[in-house]
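Residue numbers for the sequence shown follow my numbering, so the first one is 4 and each next one is one higher.
Each residue gets a CB set at the ideal place from its N, CA and C atoms; glycine is no exception.
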Amino acid sequence: MKQKLRYTTLLLLGALTVSPWAQAAPDWSQVAGTTVHVFHPGATPWEWIESKGKHGGSRGLARGESCAGCHVEGGEINVDLSRLGSELEPKGAPKTMSFPVTVQAAYDAGQLYVRLSFKAPEGGFDKSDKDNVVKATLLFPNAQVPMAEQVGCWASCHQDARTMPDGKDRTKYVSAGAYELVQWSSSGKVADGSISDQRRMDGGQAGAKAEGGKNGDTWTVTFSRKLPATPTVHFGLAVHADHAGGRFHHVSFGHTIGLGGDGDVKAQKF
């Protein structure tokens, strides 16, 4: 049986919001940043990812390889963006197909903090979210999500999602397990229906919080959640830029945060 994507959502008003947890946040000037590139994925749901006739990487996945292991080289993504912008995006792709996000992570005895900094590009094709110039999202899969360590957030993206070319009325879901997801929006509203009340009520295990805002041309969003029990935290991130809705976001491959150990992003203890 297909299960709903489980997550926490907290939408705040960016710099206008001050919360008690923010007072205990780390000194980010002392925390190293890691560049993670996000890209527009086109209409490439899970069914496309696992199709041997459409995605050559499906064979590698069957052997236990990861998307990032194939498509991330020296911190840069190795993806045919022209294909994502034409053949695999029937409606129209954004002018900027990929951009960097600086990811910082820190933790204390009870909380994990993740900070994203980026310049959100203009020139998007889809502008269906009239309320939000930007939305930023983190996803954390639990151990029961099939292949989550290999595929990041793709385990939750399916061809029957309502913004896919042949989609129906489905939202994100997984065949087993759950993702904890926390999203911050620039207006504090969700106008495009990408987050329904039904999904918002299903979850909240991580006690996640978020706040953010814009300084000059740079957006900064800081997330806080309950410290995971494992030394390696799997995560994915997504940015909806220029009023984009649904699948017209920029996403990362699956990455890891190391808590006192190895990880794509090494978290600093404080």
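Status (buried if at least 16 other CB within 10 Å, exposed otherwise) for residue i
i: Q153; result: buried
i: E79; result: exposed
i: Q186; result: buried
i: P93; result: exposed
i: D132; result: buried
i: T140; result: buried
i: D195; result: Confidence in D195 is poor, its pLDDT being 36 and thus under 50, which makes the residue's placement unreliable; the coordinate value appears in the next sentence. Under this definition D195 is a buried residue.
i: A244; result: buried
i: P168; result: exposed
i: G263; result: exposed
i: E183; result: buried
i: S159; result: buried
i: D30; result: exposed
i: A65; result: exposed
i: K130; result: exposed
i: D200; result: Interpretation of D200 is limited by its pLDDT of 30, a score under 50 that renders its predicted location unreliable; the figure taken from the coordinates is listed afterwards. D200 is exposed by the Cβ-count criterion.
i: F226; result: buried
i: A213; result: buried
i: K272; result: exposed
i: D172; result: exposed
i: G266; result: buried
i: A277; result: Since the first and last residues shown for the chain are 4 and 273, residue 277 lies out of range.
i: G59; result: exposed
i: K98; result: exposed
i: A109; result: buried
i: S89; result: exposed
i: M204; result: Confidence is the limiting factor: at M204 the pLDDT is only 26, short of 50, which leaves the residue's position unreliable, though a coordinate-based value still follows. M204 comes out exposed.
DSSP three-state assignment for residue i, whether helix, strand or coil
i: E76; result: strand
i: L84; result: helix
i: G45; result: coil
i: A241; result: strand
i: L91; result: coil
i: A108; result: strand
i: A213; result: strand
i: A96; result: coil
i: A71; result: helix
i: G191; result: coil
i: A247; result: coil
i: A179; result: coil
Beta-ladder partner(s) of residue i, from DSSP
i: K229; result: Q114
i: P103; result: H40
i: L184; result: L142
i: I52; result: Beta-bridge pairing links I52 to no other residue.
i: V254; result: F42 and A241
i: Q33; result: Answer is none; Q33 lacks a bridge partner.
i: G261; result: T235 and K269
Residue i at chain C interface by Cβ criterion, 8 Å
i: G63; result: The chain labelled as chain C is not found in the depicted structure, where only one protein chain is given.
### Query
If you pair each beta-carbon of the segment 141-148 with each one of the segment 232-239, do three or more pairs fall below 8 Å?
Cβ pair count under 8 Å is three or more, so yes.
#### Entry: 4 or more residues per run - each alpha helix (DSSP H) lying fully within the segment 114-173
At a cut-off of 4 residues, the continuous stretches assigned as alpha helix (DSSP H) that sit fully inside the segment 114-173 are 151-154.
### Message
Quick test of the definition: if touching needs 3 or more C-beta pairs under 8 Å, does the segment 218-231 touch the segment 62-81?
### Response
These segments do not touch.
### Query
Does the segment 104-119 touch the segment 34-44, meaning 3 or more C-beta pairs lie closer than 8 Å?
With the cut-off at 8 Å, the segment 34-44 and the segment 104-119 touch.
### Message
Contact between the segment 111-118 and the segment 39-55 is defined here as three or more beta-carbon pairs at a separation below 8 Å; is this criterion met?
### Response
Output reads no: the segment 39-55 does not touch the segment 111-118.
### Query
Are three or more beta carbon pairs between the segment 154-172 and the segment 245-256 nearer than 8 Å?
A contact is defined here as three or more CB-CB pairs under 8 Å, and the segment 154-172 meets this definition with respect to the segment 245-256.
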